[in-house]
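Colleague:
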Amino acid sequence: MSEIKKIKNLKEFSTSADRFEGANLLCPGCAHSIIVREVLNATNDDLILSASTGCLEVCTAVYPYTSWDASWIHIGFENGSTAVAGAEAMYKALKTKGRLKQPDRVPKFVAFGGDGATYDIGFQWISGCFERGHNMMYVCLDNEVYANTGGQRSSSTPIGSSATTSPAGRVSYGEKQNKKDMLAIMAAHGAPYVAQVAPNKWKDMVAKIQKGFAAEGPVYINAMSACTTEWKFAPEDTIAISDLATDSLVFPLYEIINGSELNITYRPKNIVPVRDYLGAQGRFKHLFTKQYEYLLDEWQTRVDAKWVQLQRREEARV
Amino acid sequence: MEKAGWDGFEIGAMLRSFDGAIQDIATTLPEDRAYSQANSFTASVADWRINKPLFNKDYCIDCQFCWIYCPDMSIISRDKKMVGIDFDHCKGCGICVEVCPTNPKSLLMFPEQKDEDEALAQWPQKEKKEKEAGVE
Chain P
1 MSEIKKIKNL
11 KEFSTSADRF
21 EGANLLCPGC
31 AHSIIVREVL
41 NATNDDLILS
51 ASTGCLEVCT
61 AVYPYTSWDA
71 SWIHIGFENG
81 STAVAGAEAM
91 YKALKTKGRL
101 KQPDRVPKFV
111 AFGGDGATYD
121 IGFQWISGCF
131 ERGHNMMYVC
141 LDNEVYANTG
151 GQRSSSTPIG
161 SSATTSPAGR
171 VSYGEKQNKK
181 DMLAIMAAHG
191 APYVAQVAPN
201 KWKDMVAKIQ
211 KGFAAEGPVY
221 INAMSACTTE
231 WKFAPEDTIA
241 ISDLATDSLV
251 FPLYEIINGS
261 ELNITYRPKN
271 IVPVRDYLGA
281 QGRFKHLFTK
291 QYEYLLDEWQ
301 TRVDAKWVQL
311 QRREEARV
Chain S
319 MEKAGWDGFE
329 IGAMLRSFDG
339 AIQDIATTLP
349 EDRAYSQANS
359 FTASVADWRI
369 NKPLFNKDYC
379 IDCQFCWIYC
389 PDMSIISRDK
399 KMVGIDFDHC
409 KGCGICVEVC
419 PTNPKSLLMF
429 PEQKDEDEAL
439 AQWPQKEKKE
449 KEAGVE
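These protein sequence lines map, in sequence, to chains P and S. Position 267, counted from 1, in the first sequence is what the working numbering calls 267; the numbers after and before it change by one each time, with no gaps. Residues are numbered in the working numbering as their position in the second sequence, beginning at 1, plus a constant of 318.
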């Protein structure tokens with residue numbers, strides 16, 4: 001087995017050599033590449049990566065350039081997960097046949113996908129990979145919208161958000177359905193490790209990624225990715241918005257081990273009102289008019305209820 | 319050139335990130351890597367910038383917040399020290415300036431044309447904390 005990379009503090013972490021290169025075409029201030037860097041730098045092992053169609057894919061593989069310093073493949077919108085699962089199955093087969101050229105090097109298999117590729121289009125494929133129990137990690141870069149194609153709603157888009165296919169206006173407050181609870185769904189597959197992470201809590205994130213790499217079987221990571229273009233905030237505020245999201249508990253950070261044991265990994269010292277998080281983004285600005293103001297209280301109630309539920313599940317250990 | 323038929327195209331395309339073999343990429347720093355032409359490292363997005371960050375190492379405490387939160391791998395850190403900024407790949411988003419915890423900030427945004435020495439000369443002084451009203 002390969003050793004787990006020791007990362008005690010940020011200074012030590014900063015000696016890592018990035019395997020993701022600059023001059024990709026992601027927007028300035030995009031959280032995607034912060035997440036990708038934190039995932040890739042969490043290990044020193046070889047990597048076999050794939051990406052589903054989405055911002056990350058179209059921006060890092062613009063012909064004739066690649067931004068990846070590792071084996072990376074893109075096939076279609078839905079099958080980022082199965083591409084890596086296939087590579088993993090081949091690795092296992094070659095290993096049993098004793099045909100690996102460097103058998104002491106154990107690669108890590110990671111698939112990246114946006115929330116569109118994860119929550120909607122690639123859902124069946126991911127579910128299949130988890131059912132078959134491939135030894136891989138699936139990282140969902142959750143920016144709650146189809147940002148690559150111009151901001152259409154996905155099933156990750158939260159209530160009240162204005163997207164191009166669910167625009168807010170005189171007759172509608174925008175998206176009407178609540179976000180799918182993807183973590184609960186993936187945990188219900190009996191996955192050994194499922195976690196929600198945010199790029200601004202790098203230490204929590206790296207610890208979870210390393211736990212995920214160490215686990216045997218399919219691992220699902222839901223990474224909050226603040227989207228400067230579609231959430232409509234200034235590029236330099238990416239980390240500030242991420243802080244608001246984790247501190248207001250809209251994105252609580254927790255992990256589920258073996259489908260049952262839930263641990264909350266980050267408890268904010270000062271819980272920020274959800275109103276502050278929503279108010280910082282252009283996609284929710286219509287909620288601050290008299291017509292739709294009642295939605296703000298609904299938001300707060302929903303987030304509080306989720307937090308209570310998480311805490312109760314953590315206590316009950318079921 | 320002869321027109322390629324439906325089966326005349328090459329199936330799949332592979333781009334190599336490096337010229338030649340690199341044994342352990344995870345521990346090879348960029349200056350020791352032989353980047354190939356297909357690696358986006360050899361390209362530049364410098365023309366995206368309107369404002370650029372400038373670095374004043376007098377105030378830097380090497381906390382590395384800018385390194386971890388830089389989305390474009392443009393903060394160069396070597397031996398746990400912040401060394402400088404990679405202006406070929408910096409898109410000028412300004413995250414590094416926002417996350418810099420020092421007082422005054424050791425990274426600040428300036429217009430792209432600003433001369434570095436001039437900017438360093440007029441770097442702001444330490445800001446005094448405003449006393450809360452009503453507290454003696």
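Cβ coordinates follow ideal geometry from the N, Cα and C atoms, glycine included. Treat the numbers as computed from the prediction; the structure is a model and nothing was measured.
At least one CB of chain P closer than 7 Å to the CB of G412/S: is that the case?
Modeller: Yes, contact with chain P.
Colleague: Quick test of your reading: I379/S and W385/S, contact by CB under 8 Å. State the CB separation rounded to the nearest angstrom.
Modeller: With 8 Å as the limit, I379/S and W385/S do not qualify as a contact, their Cβ atoms being about 13 Å apart.
Colleague: Compare the beta carbon distance of A117/P and F77/P with 7 Å and say whether it is the shorter of the two.
Modeller: Closer than 7 Å, so yes.
Colleague: Go ahead and label K444/S buried or exposed: buried means 16 or more other beta carbons lie within 10 angstroms of its beta carbon, across all protein chains shown.
Modeller: With fewer than 16 other Cβ atoms within 10 Å, it is exposed.
Colleague: Per DSSP, what are the beta-bridge partners of R396/S in this structure?
Modeller: According to DSSP, R396/S bridges with K399/S.
Colleague: Can Q196/P be considered in contact with the ligand ATP, in the sense that its beta carbon sits closer than 6 Å to one or more heavy atoms?
Modeller: Although the ligand ATP was asked about, the structure shown includes no ligands whatsoever.
Colleague: How about N44/P and K5/P: do their beta carbons lie closer than 7 Å?
Modeller: Result yes, Cβ atoms of N44/P and K5/P sit closer than 7 Å.
Colleague: In angstroms, rounded to a whole number, what distance separates the CA positions of T289/P and V106/P?
Modeller: Spanning the two alpha carbons is a distance of roughly 55 Å.
Colleague: What does DSSP give as the partner residues of P371/S in its beta bridges?
Modeller: Note: P371/S sits in a beta bridge opposite M427/S.
Colleague: Which term fits A316/P, buried or exposed, when burial requires 16 or more other beta carbons within 10 angstroms of its beta carbon?
Modeller: Exposed, because fewer than 16 other Cβ atoms sit within 10 Å of the Cβ of A316/P.
Colleague: Can G217/P and G133/P be called in contact, C-beta distance under 7 Å?
Modeller: Yes, the Cβ-Cβ distance between G217/P and G133/P is below 7 Å.
Colleague: What residues match up with M137/P in a beta bridge as DSSP calls it?
Modeller: Paired residues: V110/P and V219/P.
Colleague: When burial is assigned at 16 or more other CB atoms within 10 Å of the CB, is S67/P buried or exposed?
Modeller: Classification of S67/P: buried, given that the 10 Å Cβ count is 16 or more.
Colleague: Mind listing which residues of the region 408-434 of chain S have their C-beta closer than 7 Å to chain P's C-betas, in chain order?
Modeller: Cβ contacts with chain P: K409, G410, C411, G412, I413, V415, E416 and V417.
Colleague: Given that A356/S touches chain P, what residues does it touch there, using C-beta distances under 7 Å?
Modeller: Within chain P, the residues near A356/S are P64, Y65 and T66.
Colleague: Can the beta-carbon of V62/P be found closer than 7 Å to that of N148/P?
Modeller: Taking 7 Å as the Cβ cut-off, V62/P and N148/P do not qualify as a contacting pair.
Colleague: So that I know if they touch, is there some Cβ in chain P lying closer than 7 Å to that of F373/S?
Modeller: Output row for F373/S: interface = no.
Colleague: Which residues in chain P sit within 7 Å of F359/S, going by Cβ to Cβ distance?
Modeller: Per Cβ cutoff of 7 Å: E21, G22 and A23.
Colleague: I'd like the list of long-range same chain contacts for A70/P, defined as Cβ closer than 8 Å, with 5 residues on each side in sequence excluded.
Modeller: Cβ neighbours of A70/P beyond the five flanking positions: R19, L40, D46, L47, I48 and L49.
Colleague: So does the region 27-37 of chain P actually touch the region 89-101 of chain P, counting three or more Cβ pairs closer than 8 Å?
Modeller: Cβ pair count under 8 Å is below three, so no.
Colleague: Bridge partners of N263/P, per DSSP?
Modeller: Partner(s): E255/P.
Colleague: Just reading off the beta strand (DSSP E) that Y294/P is part of, what are its end residues?
Modeller: Segment Y294 to A316 is the alpha helix (DSSP H) holding Y294/P; no beta strand (DSSP E) there.
Colleague: Starting from the C-beta of A23/P, find all residues in its chain whose C-beta is less than 8 Å away, skip the five residues before and the five after it, and write them out in chain order.
Modeller: So the list reads Y65 and S67, once near-sequence residues are dropped.
Colleague: Chain P beta carbons: is any one of them nearer than 7 Å to that of W441/S?
Modeller: So no, W441/S is outside the interface.
Colleague: How about the region 238-254 of chain P and the region 265-279 of chain P: do they share at least three Cβ pairs that are nearer than 8 Å?
Modeller: As far as the Cβ criterion goes, the region 238-254 of chain P touches the region 265-279 of chain P, which means the pair count is three or higher.
Colleague: Measuring CB to CB, does Q177/P end up less than 7 Å from A163/P?
Modeller: It is not a contact, given that the beta carbons lie outside the stated cut-off.
Colleague: For S16/P, which of helix, strand or coil comes out of DSSP?
Modeller: It is coil, neither helix nor strand.
Colleague: Within 8 Å, do at least three Cβ pairs link the region 335-348 of chain S to the region 365-382 of chain S?
Modeller: With a cut-off of 8 Å, the region 335-348 of chain S and the region 365-382 of chain S do not count as touching, because too few Cβ pairs lie within range.
Colleague: Sort S242/P, S172/P, A93/P and K211/P by Cα distance to A223/P and report the nearest one.
Modeller: Comparing Cα positions, the closest option is S242/P.
Colleague: At what residues does the alpha helix (DSSP H) containing Y353/S begin and finish?
Modeller: Run containing Y353/S: none; DSSP gives neither H nor E here.
Colleague: Using a beta-carbon distance below 7 Å, is M1/P in contact with chain S?
Modeller: Summary for M1/P: the model assigns pLDDT 47, below 50, so the residue's position carries little reliability; its value from the coordinates is reported in the next sentence. It does not: the Cβ of M1/P has no partner Cβ on chain S nearer than 7 Å.
Colleague: Buried or exposed: Y294/P, going by 16 or more other Cβ atoms within 10 Å of its Cβ?
Modeller: So Y294/P counts as exposed.
Colleague: Are the CB atoms of S161/P and K179/P within a distance shorter than 7 Å?
Modeller: No. Outside cutoff.
Colleague: In whole angstroms, what separates the C-alpha of R351/S from that of K97/P?
Modeller: One C-alpha to the other measures close to 34 Å.
Colleague: Where Q281/P and G128/P are concerned, what is the direct C-alpha to C-alpha distance, given to the nearest angstrom?
Modeller: So the two alpha carbons sit approximately 36 Å from each other.
Colleague: What residues in its chain sit with their C-beta under 7 Å from that of V453/S, if we drop five residues either side in the sequence?
Modeller: Residue placement at V453/S is flagged as unreliable, the pLDDT there being 48, under the threshold of 50; the coordinate-derived value follows with that caveat. Contacts found: none.
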